[in-house]
Amino acid sequence: MSEPHAIDETLWEVPADARPDMRVPARVFADAELFEAIARDGSLDQLQNVATLPGIVGAALAMPDAHQGYGFPVGGVAAMELPDGVVSPGGVGYDINCGVRLLALPCSEAELGGRRESLVHELSRAIPAGAGKRHGRARREHELDAVLREGPRAIGASADDVERTESGGCLPGADPAAVSERARERGAGQLGTMGSGNHFVELQRLVRIFDEETAEGYGLAHDQVTVLIHSGSRGLGHQVCSDYVQRMDAAMRRYGIELPDRQLACAPASSPEGGAYLAAMAAAANFAWANRQAIADEARSAIAAVLGQAAAKGTRQVYDVAHNVAKVERYDGRELLVHRKGATRAFPAGSDEIPAAYRKLGQPVFIPGSMGTSSFVLAGEPGSLERSFGSTCHGAGRTLSRTGARKQIHGADLRRQLGAEGIVVRSPSNKGLAEEAPFAYKQVERVVEVVERAGLARRVAQLVPLGVVKG
Amino acid sequence: MAYRWVEHTSELELEIEAASESAIFLEALNAFAELVAEEPSADSEQRDVEVRGDDRETLLVAWLDELVFLAESQGFVPERTTELEVGAGLVRATLRGHVGEPRDFVKAVTLHRLLFAANGDGWQARVVLDV
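Sequence order for the protein chains is C and W.
With the first letter of the first sequence counted as 1, position 308 gets the number 308 in our numbering; the numbers rise by one all the way through.
Count along the second sequence starting at 1, add 471, and that's the number in our numbering.
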């Protein structure tokens, strides 16, 4: 049977014999309705293309928030056998280590009270967004090298923040020399800036706890105020990906690799091109973690200005997770290079990769909803290691194009609507705001329910927006 | 000669039809200018650019990549070309525009569904931009 079919209530499969060039099956975590949307927008074809990559093991996977991308679908996961399986820069994406960081404030929404609007305003002043991209921290060359090598530690991150960051905010093997001058030039001055598109900083309130013990372990309580930061490696990461997609596109013939889509350009991880990309990607990932650190520092300054120094000092980092990255991990005794493109690592309790404080609970995962809707805190579950190379979803997932969203609503109207719901919005662009309208995304509740039923991650807490600063 | 934006769930797909190869590059510039321009302004700045590529497709990607780079690193908003020379594996151009606050909109130029081919009497091209 080479047609797509359900394996169980949350897993669908296109068998490897559906196309002569597929090496493994393509599998999608979804309920029937989400699967239909994924099959409709071309992402299933893209996932089947991923299944053709040399060295891929198990299956090419898509999460329930998957949607059409370029090369890989967004929400795709692919694990390659090392040393000779391929690495594909397009399988990580242009925004290397785009990810999310959650800060927990030492106050409840009731205590925040009437200072909410002031805090959102101060966050928007403190964190450069959108076109204000060149107003970030200027970095001298040797400082940038340190950021690329070490991540947040190079800009003075506390030991506690570093501990509560995936991979300690520093991927091994990062080499600043593998990052082009052009990439450095694009990244110069962008540290501590949010960027545009779907990036945001959101002020939130915790409204529901699903798992008391884990929420307490993560330091989260009912009615608590949180700040969720979504950003990545900015122009530096975009250029690293562009450089290496082009380099691998030119080199593939030498390795005898033929692909159904040029954007999947790849080379063996053990090749000079593969090694150079992994060194540059690690540097860009470290830059992204430092960027979210700098934004967190700016958020703490805003908190200090509005709520006082004690509140800023008491603002703890819950965790920071990457959405776009390739990492070496071990499964069943094999060393694999796991590409996550719009997917989150979700290791279960017991993993050495999890901070000691969370090791009995599972790794925290944050799933932002669309603007104006809920976000969820999850914890990694054992099923992720068994079924999805330690991965889960990363967001709600787009279902409507940007132009489609703009046709349905004007940014100014959306701003008013959100305001009427009590959500304070700060955004430099009405056009950008309209493109991120909630109806352009799938329902995050549905996506999260699927990964829980599939055993990849469990729900811990639900957060709702109080205010949002958009890029 | 025209360009248009095709529906894509998360990115922007650009389709161009033109009478000549060089007009494809001109239309790509016009499309990019539409994306980054906020307000009309005097074209007070000039940039001389030269990009290379192994084939027509990669040359088009390199051309758009250069525009992304100038917009992001220098705030250069292109408006028109005063000179445009398209040769084998090479595009040279003089761009006129202004330095301002371009919309930080295009992250990258992808190779996904990339096309640059003869079409009847003219040429057609397709490129997906990551935004």
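Using N, Cα and C, we set each Cβ at its ideal position, and we do this for glycine too.
Since this is a predicted model, take the numbers as computed values, not measurements.
As a beta-bridge residue in DSSP terms, residue 569 of chain W pairs with W:548.
Straight across, the Cα-Cα distance linking residue 189 of chain C with residue 4 of chain C is about 47 Å. Counting along the chain, the unbroken beta strand (DSSP E) around residue 518 of chain W starts and ends at 516–523. Between residue 438 of chain C and residue 409 of chain C, the alpha-carbon positions lie close to 11 Å from each other.
Interface residue (Cβ-Cβ distance to chain W less than 9 Å): residue 90 of chain C is classified as such.
Secondary structure at residue 368 of chain C: coil, using DSSP grouped into helix, strand and coil. Not flagged as an interface residue toward chain W: residue 411 of chain C, since no C-beta distance is shorter than 9 Å. Scanning the segment 45–110 of chain C for uninterrupted beta strand (DSSP E) segments of 3 residues or longer gives 56–70, 72–81 and 99–108, listed from N- to C-terminal end.
Counting along the chain, residue 336 of chain C sits inside the beta strand (DSSP E) bounded by residues 334–341. Within chain C, the C-beta atoms nearer than 7 Å to that of residue 599 of chain W come from 70, in chain order.
Boundaries of the beta strand (DSSP E) harbouring residue 462 of chain C: 457–470, taken from the DSSP string. With respect to residue 102 of chain C, residue 226 of chain C sits close: the two C-beta atoms are nearer than 9 Å. For residue 268 of chain C, DSSP records a beta bridge to C:86. Here the segment 463–470 of chain C lies against the segment 191–211 of chain C, with 3 or more beta-carbon pairs under 8 Å apart.
One finds 544 in chain W with Cβ atoms closer than 7 Å to the Cβ of residue 185 of chain C, taken in chain order. Taking C-beta atoms under 8 Å as the contact rule, residue 160 of chain C and residue 317 of chain C qualify, at a distance of about 7 Å.
One finds 182 and 186 in chain C with Cβ atoms closer than 7 Å to the Cβ of residue 540 of chain W, taken in chain order.
Residue 582 of chain W reaches chain C at 70, 71, 90, 245, 246, 249, 261, 262, 263, 264 and 265, counting residues in chain order whose Cβ is nearer than 9 Å.
Judged by DSSP secondary structure, residue 258 of chain C falls outside any beta strand (DSSP E); it is assigned neither H nor E. Distance between residue 285 of chain C and residue 592 of chain W, taken at the CA atoms: about 47 Å. Under a criterion of Cβ atoms nearer than 9 Å, no residue of chain W is adjacent to residue 277 of chain C; the nearest Cβ is some 15 Å distant.
For a Cβ distance threshold of 8 Å, residue set 197 and 402 of chain C lies close to residue 602 of chain W, ordered along the chain.
For the C-beta of residue 525 of chain W, the chain C residues within less than 7 Å are, from N- to C-terminus, 250. Annotation: Cβ neighbours of residue 238 of chain C in chain W (cutoff 7 Å, chain order): 578 and 579. At a cut-off of 9 Å, the C-beta of residue 429 of chain C has a neighbouring C-beta in chain W. In chain order, 103, 123, 126, 127, 201, 227, 229 and 315 place their CB closer than 8 Å to the CB of residue 299 of chain C, counting only its own chain and leaving out the 5 sequence neighbours on each side. Burial check for residue 158 of chain C: the Cβ neighbour count within 10 Å stays below 16, so the residue is exposed. Under the three-state reduction of DSSP output, residue 391 of chain C falls in the strand class.
The Cβ of residue 481 of chain W sits closer than 9 Å to at least one Cβ of chain C. For residue 585 of chain W, the residues of chain C that pass the 7 Å Cβ criterion are 262, in the order they occur in the chain. For residue 583 of chain W against residue 70 of chain C, the beta-carbon gap comes to about 3 Å, under 8 Å, which counts as contact.
The segment 57–64 of chain C makes no contact with the segment 417–426 of chain C, as fewer than three CB pairs between them are under 8 Å. Annotated three-state conformation of residue 166 of chain C is helix, per DSSP. Distance from residue 185 of chain C to residue 544 of chain W at the Cβ level is roughly 5 Å; contact confirmed, criterion being Cβ atoms closer than 8 Å. DSSP places residue 435 of chain C in the helix class (H, G or I) of the three-state scheme. In the pairwise beta carbon analysis, the segment 163–178 of chain C is classified as touching the segment 269–289 of chain C: at least three pairs are separated by under 8 Å.
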